[in-house]
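J.: Residue numbers (the working numbering), protein chains in the order written: chain A, 1 to 288; chain B, 289 to 539; chain C, 540 to 832.
One structure, as structure tokens, below. Some questions next.
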Amino acid sequence: MGSTDSHSRTDALLRVTLGTAAAISVVAVLSIFAFLVYFSLPVFSAEGARQVLSWDWQPLQGSFGILPMVVGSLVLATFAVALAFPAAVLVCAFAYGVGPARLARPVMAVINLMTGIPTIVYAFVAVMTIPPLLRDIFEQGSGFALLGAAVTLAVLVLPTIVLVIDSNWRGLAPRTSEACASLGMSPVQHVFGVLVPVSGSALLSALVLGFGRALGDTMIALMLTGNAPLLPTSALGSIRALTAHIGMVMATAVGGPAHQSVFASGLILLLVTGTISALVRRSVRLEA
Amino acid sequence: MEQLITVAGLSVWFGDTRVLTDVDIEFRRGEVTALIGPSGSGKTTLLRSVNRMNDLFSGVRTEGQVTLALGDEAVQAYGNGMDVALLRRTAGMVFQNPNVLPASIRKNFALPLKHVLGLSRDEIDERLEATLKDVELWDDVRDRLGDPALTLSGGQQQRLCFARVLSLEPQALLLDEPTASLDFLATRRIEALIERLKGRFPILSVSHSLGQTSRMADRAYVLKEGSIVEALDRDALHDAERLQQLAEELF
Amino acid sequence: MRKWRERILVGASWVAAFGVLAVVGVLVVFLVARSAHILGPQLLFGDVPWTRAVFAGARVFDGIWPAVVGTLTLVALSAGIAIPLGLAAGIHVSEYAGPRFKASVTLVVDVLAGIPSIVMGLFGFSMILLLRRTVAQEAKTGLLLAAVCIALLVLPYMIRATQSALAGLPMSIRLLGPSLGMSQTQTLRRVLVPAASRGILSGAILSVGRAAEDTAVIMLTGAVATAGGRGPQDLLGKFEALPFKIFVIAAEHNTAAELDQGFGAALVLLTLTATLFIGAYLLQRSLERRWNN
Chain A
1 MGSTDSHSRT DALLRVTLGT AAAISVVAVL SIFAFLVYFS LPVFSAEGAR QVLSWDWQPL
61 QGSFGILPMV VGSLVLATFA VALAFPAAVL VCAFAYGVGP ARLARPVMAV INLMTGIPTI
121 VYAFVAVMTI PPLLRDIFEQ GSGFALLGAA VTLAVLVLPT IVLVIDSNWR GLAPRTSEAC
181 ASLGMSPVQH VFGVLVPVSG SALLSALVLG FGRALGDTMI ALMLTGNAPL LPTSALGSIR
241 ALTAHIGMVM ATAVGGPAHQ SVFASGLILL LVTGTISALV RRSVRLEA
Chain B
289 MEQLITVAGL SVWFGDTRVL TDVDIEFRRG EVTALIGPSG SGKTTLLRSV NRMNDLFSGV
349 RTEGQVTLAL GDEAVQAYGN GMDVALLRRT AGMVFQNPNV LPASIRKNFA LPLKHVLGLS
409 RDEIDERLEA TLKDVELWDD VRDRLGDPAL TLSGGQQQRL CFARVLSLEP QALLLDEPTA
469 SLDFLATRRI EALIERLKGR FPILSVSHSL GQTSRMADRA YVLKEGSIVE ALDRDALHDA
529 ERLQQLAEEL F
Chain C
540 MRKWRERILV GASWVAAFGV LAVVGVLVVF LVARSAHILG PQLLFGDVPW TRAVFAGARV
600 FDGIWPAVVG TLTLVALSAG IAIPLGLAAG IHVSEYAGPR FKASVTLVVD VLAGIPSIVM
660 GLFGFSMILL LRRTVAQEAK TGLLLAAVCI ALLVLPYMIR ATQSALAGLP MSIRLLGPSL
720 GMSQTQTLRR VLVPAASRGI LSGAILSVGR AAEDTAVIML TGAVATAGGR GPQDLLGKFE
780 ALPFKIFVIA AEHNTAAELD QGFGAALVLL TLTATLFIGA YLLQRSLERR WNN
């Protein structure tokens, strides 16, 4: 009897401890929101909003508009995903029958390994190789441009997209490939004619997830875009991402409207990625 | 004109294991030819060697001949330059577990017909209706062609698979225990369908049940450990004593 | 017509697959080639003898040793927070939580996993701001703050790994403890967690790897280019770290020797995270194989 009591006490204690841990994670996320909102409060006034939601970033002249950076981030992420998503689908196609069966596993293993490469390493190698290359090829500009950053970012997010598609196709393909083979369909027809149409929602999730990842990257944007706080005009032009903007401003000024713009940027990023996460990750997990 | 498929001297290895040894069978239009035997005897491998589905496994080796005399000329399934995709359309296969695609009923037809035969949307709709009527599924599904095929019952799914195969206009049918996963009623409906189809194509069917074989088949080959041990004609199949003996030997 | 389109798709698939392999291959080869000649004690310790640097606390100013120590310390601290916390939370969600709490935590974990690391760094910085405005006017960013923020960053990995490892246990294992009369605590401790240990460990390793590679968080929470030539001396002080060092070298190198150091540091970091990652991957695979048999 006594030991049962102590067991049930231990059980209860454990339960509470574990529950606290879980609660901490919830509290943490809520605090992140809370802090960012608190410190961006000045932005929510009419005056603050006008300042921060403008198209000019020239702090020395009192302009703290972050809109060019918002656009810059969106354009950069879109460009990166526009490169990475088709490539990811093609890689998956290769692994799921279009390429020889014995190459499928090694290719996927390399993709998996890519997720272990630090972002800073991608950024470092890219910054040492791409700007000189761009300068040579195009004979203009500094080489620090949207193009270089987008390509590097595409390499970064490609494995994420591939792995999401793979986890969906892994369950789907065994069912469909035998059926399609017996109907006289070739592997290409199976992958692009059946697998792709049938996995449409997983493909969309993969794309959106990749987009979120691209949006959240800091180092590649910081090191490769040139960081000009201007609206994107061409692929060879320099832009600034919202993430890089935060990094740059925090490294220099402290306090004042420049700071507020940073917190507003952070809040925007948090809201966008939070929404993406809330919507997409659930459907990705369901499919897996 | 007779439509005949002949298998001669067929041996199949999976890696180092010999699964079929020197198999000779034939099946023709107008008859249902059954393959019976204990599990592991190579029935499915034999069936799958006709449309070369075994080729999908790595480490497979096939020797012997499969001759399809279905038109003006006889064709060698394992001959040089054989278009395997065409072969598999010609000898259509229905599996034990209905393998409908995880898509709508219409898409189950549209995807293969579009990609394999390049049919237009109207042509697809025509064939869809015709073959679904053939398998007596049309009335059940005509109003819900956009519904997922997986919402159909097992028996309906299997009939859908038959229809799908028929829509590709095959010239022979290969059936791998087509009613094994179905209930009694669904089984009977499929058996009736097969009965109707046998006048149109040569049909080779792997059977899991001696009872079904006795009901449906015109001819049967008995397989044991990769070799044909007996060939039974219609009379033998209706000889109850003979069947009893066989059941004891095999199972 | 169709044949022609199909051929293009086949060709494009081959190009994509080998293109990706080529990019990774070129990256690794480039890194190794550029740093091969300086791999060795000099990369880490400069001109200082390694024994003095490691054991006697001698200061190293032209080697990456302080950054290595900084990263290791940071990782140890943040793992020390995130692993137990994530394990506990994951166990709770998997074994105790009601459906509503479970859904909330899952949502929270998903959101946390998607937060850009710079935003996490901003959060850390904002905590210091708040402290400055209220109780501790002298508050500064430092190692402990960075460790907490990184712990939050990797917490999702740990929680998810624990959750899925436990969820993947077969029914037979789950029934074992109760059938032997064990209390829930005992079942967890003696049966379930050990059975799920590979998956949990894999999550822990992934968390460590993620903690080691992060740059944006530490950029805002106390990482500096040079912090006295030694590893971090106190929890509230500034510190060096490998990823930040690489960034600084890329941005501000003046000599070829400095640049070489950057390549060396990048290779060291890559080796570290790649090894961790491969370890986690192999663990995860062996776990899956075990339960699938």
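The beta-carbon is built from N, C-alpha and C at its ideal position, and this holds for glycine as well.
These numbers come from a predicted model, not from an experiment.
#1: DSSP three-state label for Gly171 of chain A, please.
#2: Going along chain A, which residues have a C-beta under 8 Å from Arg376 of chain B?
#3: Provide the residue span of the beta strand (DSSP E) that contains Trp55 of chain A, from first to last.
#4: Tell me, please, whether the CB atom of Glu827 of chain C is closer than 8 Å to any CB atom in chain A?
#5: In chain A, what lies closer than 8 Å to Pro605 of chain C by C-beta?
#6: Indicate the three-state DSSP secondary structure (helix, strand or coil) for Glu287 of chain A in the structure shown.
#7: Using only CA atoms, which one of C:Leu646, C:Gly619, C:Tyr820 and C:Leu691 lies nearest to Thr663 of chain C?
#8: Is it buried or exposed for Val27 of chain A, if we count other Cβ within 10 angstroms and need 16 for buried?
#9: Among the candidates B:Asp310, B:Ala322 and B:Lys486, whose CA atom is the shortest distance from the CA of Ala505 of chain B?
#10: Since Gly330 of chain B and Gly514 of chain B are thought to touch, with beta carbons under 8 Å apart, how far apart are those beta carbons, to the nearest angstrom?
#11: Using a threshold of 8 Å, state whether the C-beta atoms of Thr760 of chain C and Glu779 of chain C are closer than that.
#12: Of the residues B:Leu498, B:Asp422, B:Arg394 and B:Ile516, which one's Cα is nearest the Cα of Arg530 of chain B?
#13: On the DSSP letters alone, give me the boundaries of the beta strand (DSSP E) that Tyr509 of chain B sits inside.
#14: Excluding sequence positions up to five away, which residues of its chain have a Cβ less than 8 Å from the Cβ of Asn396 of chain B?
#15: Does the beta-carbon distance from Ile482 of chain B to Ile313 of chain B come in below 8 Å?
#16: For Asn227 of chain A, count the other beta carbons within 10 Å of its own beta carbon; 16 or more makes it buried, fewer makes it exposed. Which is it?
#17: Distance cutoff 8 Å, beta carbons only. Does Ala346 of chain B sit that close to anything in chain A?
#18: When you compare the segment 105 to 117 of chain A with the segment 727 to 743 of chain C, are there three or more beta-carbon pairs, one atom per stretch, that lie closer than 8 Å?
#19: When you compare only the Cα positions, how much space is there between Gly653 of chain C and Ser167 of chain A?
#20: Short of 9 Å Cβ to Cβ, which residues in the segment 151 to 178 of chain A face chain B?
#21: Using a C-beta to C-beta distance shorter than 7 Å, which residues of chain C count as neighbours of Arg15 of chain A?
#22: Using the Cβ count rule (16 or more neighbours within 10 Å means buried), how would you classify Ala568 of chain B?
#23: Are the C-beta of Ala101 of chain A and some C-beta of chain B separated by less than 8 Å?
#24: Can you name the residues of chain C whose CB is closer than 8 Å to the CB of Thr225 of chain A?
#25: Would you kindly report the start and end of the unbroken beta strand (DSSP E) that includes Met185 of chain A?
#26: Helix or strand or just coil, what does DSSP make of Ala296 of chain B?
#27: Within its chain, find whatever has a CB closer than 7 Å to the CB of Val429 of chain B; leave out the 5 residues flanking it on each side and keep chain order.
#28: Have a look at Arg306 of chain B and Arg15 of chain A and give me their C-alpha separation to the nearest angstrom.
#29: Would you say the segment 150 to 165 of chain A touches the segment 75 to 85 of chain A, given that touching needs at least three Cβ pairs under 8 Å?
#30: The beta strand (DSSP E) spanning Gly380 of chain B covers which residue range?
#31: For Trp169 of chain A, does the count of other Cβ atoms within 10 angstroms reach 16, so buried, or fall short, so exposed?
#32: So Thr362 of chain B is in the beta strand (DSSP E); what residue range does that whole segment cover?
#33: How about Phe138 of chain A: is its C-beta nearer than 8 Å to some C-beta of chain C?
#34: What residue does the beta strand (DSSP E) around Gly352 of chain B start on, and which one ends it?
#35: Please tell me whether Met216 of chain A has its Cβ less than 8 Å away from any Cβ of chain B.
#36: Give a yes or no on contact between the segment 241 to 249 of chain A and the segment 175 to 183 of chain A, applying the rule of three or more CB pairs nearer than 8 Å.
T.: Straight from the coordinates:
#1: helix
#2: Ala181, Ser182, Leu183 and Gly184
#3: Counting along the chain, Trp55 of chain A falls outside any beta strand (DSSP E), and DSSP gives it neither H nor E.
#4: no
#5: Those do not exist, as Pro605 of chain C stays about 17 Å from chain A at its closest Cβ, beyond 8 Å.
#6: Annotation note: pLDDT 45 at Glu287 of chain A (below 50); position unreliable, no value reported.
#7: Going by the sequence as given, residue 663 of chain C is Gly instead of Thr. Gly663 of chain C has its Cα closest to that of C:Leu691, out of C:Leu646, C:Gly619, C:Tyr820 and C:Leu691.
#8: Val27 of chain A comes out exposed.
#9: B:Ala322
#10: Correct: roughly 4 Å between the Cβ atoms.
#11: no
#12: B:Leu498
#13: Per DSSP, Tyr509 of chain B belongs to the beta strand (DSSP E) from Arg507 to Lys512.
#14: Val388, Leu389, Ala437, Leu448 and Arg452
#15: no
#16: It is buried - the Cβ of Asn227 of chain A has at least 16 other Cβ atoms within 10 Å.
#17: The amino acid at residue 346 of chain B is misidentified as Ala; the sequence shows Ser. By this cut-off, Ser346 of chain B is an interface position.
#18: When Cβ pairs closer than 8 Å are counted between the two stretches, the segment 105 to 117 of chain A is seen not to touch the segment 727 to 743 of chain C, the count staying below three.
#19: Take the alpha-carbon of Gly653 of chain C and the one of Ser167 of chain A: they are about 19 Å apart.
#20: Leu172, Arg175, Thr176, Ser177 and Glu178
#21: Tyr635
#22: In the structure as shown, chain B begins at 289 and stops at 539. Residue 568 of chain B is therefore absent and cannot be evaluated.
#23: yes
#24: Here the premise fails: no neighbours, minimum Cβ distance about 13 Å.
#25: Looking at the DSSP string, Met185 of chain A is not in any beta strand (DSSP E), and its letter there is neither H nor E.
#26: strand
#27: Ile393 and Leu420
#28: 58 Å
#29: yes
#30: Ala379 to Val382
#31: buried
#32: Here residue 362 of chain B turns out to be Ala, not Thr, going by the sequence shown. Ala362 to Gln364 is the span of the beta strand (DSSP E), which, as asked, contains Ala362 of chain B.
#33: Not closer than 8 Å to any Cβ of chain C, the Cβ of Phe138 of chain A fails to qualify, so no.
#34: Val348 to Ala357
#35: It is Gly, not Met, that sits at residue 216 of chain A in the sequence shown. Answer no: the Cβ-Cβ gap between Gly216 of chain A and chain B never drops below 8 Å.
#36: No, the segment 241 to 249 of chain A does not touch the segment 175 to 183 of chain A.
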